[in-house]
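Quick notes on the structure that follows.
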Amino acid sequence: MINVLFVCLGNICRSPMAEALFRDMLVKENLTNQITVDSAATSSWHIGDPPHKGTLTILKKYSVSTEGLVGRQMKQDDFENFDYIVGMDTSNVKNIYQLTGKTNHPKILRLLDLTEHKKDVPDPYYTGDFQETYDLVSQGCRALLEKIREEHHLQK
Ligand code: 4NP
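Numbering (UniProt numbering) for the sequence shown: 1 to 156.
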């Protein structure tokens, strides 16, 4: 199994959106028997919480399932259990480095570095723009899946 973990600050806006979108791609491309996906927060603020209403609304707009999305905090042994640990912004990546003690490790990535944008995913908790975040997260998830396909020689 190839295990993917998306990480953001609260695990209620961006990383659950990425988890749901990425899972949707895995289902559509028959990859759920080869790749798993989860998400987590760097903070402890929303442990056990459902996603933000804005995230639920935009996922429903695109008919992406929101089943099983529950806030949790990232823990140290996630580093061993996941093959791709993908932060939404620079601050998330710094926090992942701190938690794991692994700086500049190839399995720790910033999502939009995999796209032409090479920037932070804007946090809709503050911007209020869930559409902008959805569009960028969607591009990032697509690019991540292509990277995984290449690195693991998974055929289309
Ligand atoms: P997220 O956004 O990291 O994309 O889930 C946030 C969610 C909650 C808070 C901040 C950002 N908060 O301050 O509770």
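Note that CB positions come from ideal geometry on N, CA and C, so glycine has one too.
Rounded to the nearest angstrom, how far is the Cβ of residue i from that of residue j, given a contact under 8 Å?
i	j	result
Val-86	Val-4	7 Å
Asp-49	Ile-12	6 Å
Thr-66	Lys-75	Their Cβ separation, rounded to whole angstroms, is 23 Å, which puts Thr-66 and Lys-75 out of contact at 8 Å.
Find out if the Cβ-Cβ distance for the pair residue i, residue j is shorter than 8 Å.
i	j	result
Leu-69	Pro-16	yes
Asp-129	Pro-122	yes
Ala-18	Ser-39	yes
Val-7	Phe-22	no
Asp-120	Asp-89	yes
Ile-58	Gln-139	no
Alpha carbon to alpha carbon, what distance is there between residue j and residue i?
i	j	result
Asn-104	Tyr-97	8 Å
Glu-116	Asn-81	29 Å
Lys-156	Glu-150	10 Å
Lys-94	Pro-106	14 Å
Leu-31	Leu-56	24 Å
Gly-71	His-153	32 Å
Gly-101	Ser-91	15 Å
Leu-145	Asp-24	12 Å
Val-64	Lys-28	11 Å
Tyr-62	Arg-110	24 Å
Gly-54	Asp-77	30 Å
Ala-20	Thr-133	13 Å
Cys-141	Thr-127	21 Å
Tell me which same chain residues have a C-beta within less than 6 Å of the C-beta of residue i, skipping the five on either side of it?
i	result
Ile-108	Ile-85 and Ile-96
Leu-26	Thr-32 and Ile-35
Phe-79	Thr-100
Ala-143	Leu-114 and Thr-115
Within 7 Å: the Cβ of residue i and any heavy atom of the ligand 4NP?
i	result
Gly-10	yes
Cys-13	yes
Asp-123	yes
His-153	no
His-46	yes
Among the residues of its own chain, which have a CB less than 7 Å from the CB of residue i, if the five just before and after it don't count?
i	result
Tyr-125	Gly-10, Cys-13 and His-52
Lys-118	Leu-112
By Cβ distance, which residues of its chain are closer than 8 Å to residue i, with the 5 residues on each side in sequence left out?
i	result
Gln-73	Asn-11, Ala-40, Ala-41, Thr-42, Ser-43, Ser-44 and Ile-47
Ile-148	Ile-2, Val-4, Ile-35, Tyr-84 and Leu-154
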